[in-house]
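Quick mapping for you: the protein sequence lines, in order, are chains F and V. Just so we're aligned, residue 232 is where the first sequence starts under our numbering, counting upward by one. Just so we're aligned, residue 269 is where the second sequence starts under our numbering, counting upward by one. Note that beta-carbon positions come from the ideal geometry of N, C-alpha and C, so glycine has one too. Notes follow the structure.
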Amino acid sequence: MTKCLILSIEEWAEKKNKEKIVVEKINLKIGEFTCVEPISLINTFNAAVLGSWLDSSEITIEKIPFEGKCSKCNRSYFPKKENGYKSPCCNFNLEEIISGRELKIASIDFKEK
Amino acid sequence: MHLPISDKIELNILHQNSHQAEKNKVKFNNYNLLCLNIMSSPGAGKTRLLELTLEDISKEFQSAVLEGDMTTNLDAARLEKLNIPVVPITTGRACHLDANMVSGGLKLLEKKINPDLLDILLVENVGNLVCPAEFEIGEHFKVALLSITEGEDKPLKYPIMFREADLILITKVDLLPFLDFDINELKSNITSTNPNADVIEISSITKSGFDLWQNWISKKILIFKK
């Protein structure tokens, strides 16, 4: 995942003329229903970019809550593992996921040299 | 130095992988080749399942395997004994197959056989219930195995894997009489995580459930080829 993140930043930077910019912050949106643990992503990113052109950049992560929709009454709810992800209103299985699957670079803050 | 600029890009971190996965899928479609991504934790019985499945379906369908493994070719060597085209993909330190690796595997497969002659490509992923669930490889269907020795709670503990799967095979059910294991609780946990998945109980020792699994494969190939 860290490799994919760095490759995406590299791809973006090439379009901006990488030699002429300094990346300050990479702002991510990470859903709570993904395989990514935010603190681990930050730590592995920091280790991976050590000594590279991204060395001084910082990752920020906005956690996107895991939210489902009850297919019986259409109410949104926050599925919990303890409850088998079922809707608390009607005890229905998790059919529709509204949010929580995000793995996004929302924005990149940079300066021109 | 100028003032900082914020570039709002809203880009999926995995977009490069997704893009390659789409390209793989187009290739599979052009070859009229159904691709299954077989995933599970290590030791759930993926390779044994493939050995037995290929013995049976090879009478009716032309098959090939891309065999993902972190450090060895042991599983690929087992499957090569069945005289079908097998391409090992050694991932090194990576704990999952990604779309680029599968693209490379497909290129090697093209050197072994014309994929136009194939009906189904089975991709055995690296044993892991976490990362493989997030990385598309261009597959048409995802198949997740869960052996009963792993415990009833695994669909709740690794929900992405079981949410993403189209079919969940509950393996090693021949061990049920010897274990304190509640298969109904497991099925309930699967259904609450993914109400739309097909579920089949299977044993590679007694071969119970293999008829259902092979029917599932046959139906998918026939529908795909239409």
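Environment of residue i [buried if 16+ CB atoms lie within 10 Å]
| i | result |
| --- | --- |
| Glu402 (chain V) | buried |
| Glu392 (chain V) | buried |
| Glu404 (chain V) | buried |
| Thr474 (chain V) | exposed |
| Asp343 (chain V) | buried |
| Thr315 (chain V) | buried |
| Thr265 (chain F) | buried |
| Ser271 (chain F) | exposed |
| Ala433 (chain V) | buried |
| Phe430 (chain V) | buried |
| Cys235 (chain F) | buried |
| Lys294 (chain F) | exposed |
| Asn305 (chain V) | buried |
| Glu250 (chain F) | exposed |
| Ser338 (chain F) | buried |
| Leu447 (chain V) | exposed |
| Lys422 (chain V) | buried |
| Ile240 (chain F) | buried |
Neighbourhood of residue i by C-beta distance below 8 Å, restricted to the same chain and skipping five residues each side
| i | result |
| --- | --- |
| Val394 (chain V) | Gly336, Asp337, Met338, Thr359, Ala362, Cys363, His364, Leu365 and Pro400 |
| Lys342 (chain F) | Ile252, Val253 and Glu255 |
| Tyr316 (chain F) | Gly299, Pro310, Asn324 and Leu325 |
| Tyr308 (chain F) | Glu298, Gly299, Lys300, Cys301, Ser318, Pro319 and Cys320 |
| Asp324 (chain V) | Phe478 and Gln482 |
| Asn248 (chain F) | none |
| Ile261 (chain F) | Val267, Pro269, Leu272, Ile292, Glu293, Lys294, Ile295, Glu333, Leu334 and Lys335 |
Local conformation of residue i per DSSP, three classes
| i | result |
| --- | --- |
| Lys294 (chain F) | strand |
| Met369 (chain V) | helix |
| Val391 (chain V) | strand |
| Leu302 (chain V) | strand |
| Glu264 (chain F) | For the sequence presented, residue 264 (chain F) should be read as Phe rather than Glu. DSSP places Phe264 (chain F) in coil when its eight states are reduced to three. |
| Ser456 (chain V) | helix |
| Leu285 (chain F) | coil |
| Ala289 (chain V) | helix |
| Pro423 (chain V) | helix |
| Met429 (chain V) | helix |
| Lys300 (chain F) | strand |
| Thr358 (chain V) | strand |
| Ile468 (chain V) | strand |
| Glu278 (chain V) | strand |
| Lys335 (chain F) | strand |
| Leu325 (chain F) | coil |
| Lys488 (chain V) | helix |
| Asn258 (chain F) | strand |
Beta-carbon proximity list for residue i, same chain, < 6 Å, skipping 5 on both sides
| i | result |
| --- | --- |
| Pro427 (chain V) | Thr461 |
| Asn341 (chain V) | Pro356 |
| Met307 (chain V) | Asn393, Pro400 and Ala412 |
Own chain residues within Cβ distance below 7 Å of residue i, not counting five before or after
| i | result |
| --- | --- |
| Phe329 (chain V) | Asp387, Ile388 and Ile489 |
| Pro383 (chain V) | Tyr299, Leu301 and Leu377 |
| Pro296 (chain F) | Glu263, Phe309, Ser330 and Gly331 |
8 Å contact criterion, which residue i and residue j should meet: CB distance rounded
| i | j | result |
| --- | --- | --- |
| Asp340 (chain F) | Pro353 (chain V) | Rounded, the Cβ-Cβ distance is 49 Å, inconsistent with contact. |
Compile a chain-ordered list of the residues in the segment 454-477 of chain V whose CB is closer than 9 Å to at least one CB of chain F. Ser456, Asn457, Thr459, Ser460, Thr461, Asn462, Pro463 and Asn464
Output needed in chain order: residues of the segment 269-284 of chain V with a Cβ under 9 Å from some Cβ in chain F. Met269, His270, Leu271, Pro272, Ile273, Ser274, Asp275, Lys276, Ile277, Glu278, Leu279, Asn280, Ile281, Leu282, His283 and Gln284
Residues, ordered as in the chain, of the segment 385-402 of chain V that lie near chain F by beta-carbon distance below 7 Å: Val398, Cys399, Ala401 and Glu402
Chain V contacts from the segment 316-337 of chain F (Cβ-Cβ distance under 9 Å): Tyr316, Lys317, Phe323, Asn324, Leu325, Glu326, Ile328, Arg332, Glu333, Leu334, Lys335, Ile336 and Ala337
Mind listing which residues of the segment 414-428 of chain V have their C-beta closer than 8 Å to chain F's C-betas, in chain order? Leu424, Lys425, Pro427 and Ile428
Using a Cβ cut-off of 8 Å, which residues of the segment 277-310 of chain F contact any Cβ in chain V, in chain order? none
Contacting positions in the segment 234-249 of chain F - beta carbon closer than 9 Å to chain V: Lys234, Cys235, Leu236, Leu238, Ser239, Glu242, Trp243 and Lys247
Short-range partners of chain V found in the segment 253-264 of chain F, where Cβ spacing is below 9 Å: Val253, Glu255, Lys256, Asn258, Leu259, Lys260, Ile261 and Phe264
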